[in-house]
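Novice: Just so you know, we're using the numbering used here here: the sequence shown kicks off at 1094 and counts up by one.
Beta carbons are placed, not taken as given, at the ideal position from N, Cα and C, and that holds for glycine.
Please read all numbers here as calculations on a predicted model, not as lab measurements.
Sending over a structure as structure tokens; questions will come in a sec.
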Amino acid sequence: MSTSFYTPLKENKIRVLEILPSEEFSEIINTICRIISLASGTSTEGKPNDTSYIWVNGHKHKVTPNLESASRHLRGDKNKTVIWVDAVCINQNDIPERDAQLKIMADIYKKAKMGLSWLGEESDDSSLAFRMIQRWASFSVRKVSSGSLRAFLENKLQDEIFMPRSVTALKNMLQRPYWKRVWIQQEVALPPIVTM
């Protein structure tokens, strides 16, 4: 992995990744890594042996296939996209830097305008899982008087969201590697808005 684009960070400084625009989805990912004062994006790590590459400041940089895929999907066709991704924005080979950045990671997520969580490529049942989550989130016991709670629940149990295919879709979504990451709590709880 090329680390030559890394320059030392001063206290309370972070690197961000600018994904340069392209009108071609399949074009290689070109990025610029620059240093700024404290600001987030996260992706699922892949299997350790899975390898993809993006170009960072003109250097080929090894990343997981999920990070490459997330970068491809986040890349605009006209405007650059600025994100913070620990796997690239922290020099993983510089232990003192990595330790210092880990100490301010909560602040990075809190100060981000939005957190982006990449769960991976869409699968056959992804939309069903998200539809199911949205439907569940729309339920409110306040909408139901205590006398009709039983009728309300019986009616909802007939709904699509409780069908085996829907439950399997949700199970598949929750078994993705993203949910096993160490920093998951910070990534979804600290930014003011999280988009998946």
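On the three-pair Cβ rule with 8 Å, is the stretch 1145 to 1163 touching the stretch 1111 to 1128?
Specialist: They touch, by the three-pair rule.
Novice: How would you call Ile-1188, buried or exposed, if buried means at least 16 neighbouring beta carbons within 10 angstroms?
Specialist: That one is exposed.
Novice: DSSP state of Thr-1261, grouped into three classes?
Specialist: Here Thr-1261 sits in helix by DSSP.
Novice: Tell me whether Asn-1123 sits in a helix, a strand or coil according to DSSP, three-state version.
Specialist: Residue state, collapsed to three classes: strand.
Novice: Might you give, ordered along the chain, the residues of its own chain that have their beta carbon closer than 8 Å to the beta carbon of Met-1207, omitting 5 neighbours on each side?
Specialist: The answer, listed in chain order, is Ser-1133, Pro-1284, Pro-1285, Ile-1286, Val-1287 and Thr-1288.
Novice: What residue does the alpha helix (DSSP H) around Val-1281 start on, and which one ends it?
Specialist: It spans 1277 to 1282 - the alpha helix (DSSP H) in which Val-1281 sits, taken as one unbroken run.
Novice: Inspect the beta-carbon positions of Val-1109 and Val-1175 and report whether they are closer than 8 Å.
Specialist: Cβ distance < 8 Å, so Val-1109 and Val-1175 count as in contact.
Novice: If you draw a straight line from the C-alpha of Ile-1079 to the C-alpha of Asp-1200, how long is it?
Specialist: Residue 1079 falls outside the range modelled here, since the chain spans only 1094 to 1289, and no answer is possible.
Novice: Between Glu-1111, Ala-1282 and Asn-1150, which has its C-alpha nearest Asn-1172's C-alpha?
Specialist: Ranking the options by Cα distance to Asn-1172, first place goes to Glu-1111.
Novice: Please name the residue or residues paired with Arg-1108 in a DSSP beta bridge.
Specialist: According to DSSP, Arg-1108 bridges with Ile-1128.
Novice: Within a Cβ cutoff of 7 Å, which residues of the same chain sit near Pro-1114, ignoring the five residues on either side of it in sequence?
Specialist: Cβ within range, chain order: Arg-1168, Gly-1169, Asp-1170, Lys-1171, Asn-1172 and Lys-1173.
Novice: Under a Cβ-count criterion, where at least 16 other Cβ atoms within 10 Å of its own Cβ denotes burial, should Leu-1209 be classed as buried or exposed?
Specialist: It is buried - the Cβ of Leu-1209 has at least 16 other Cβ atoms within 10 Å.
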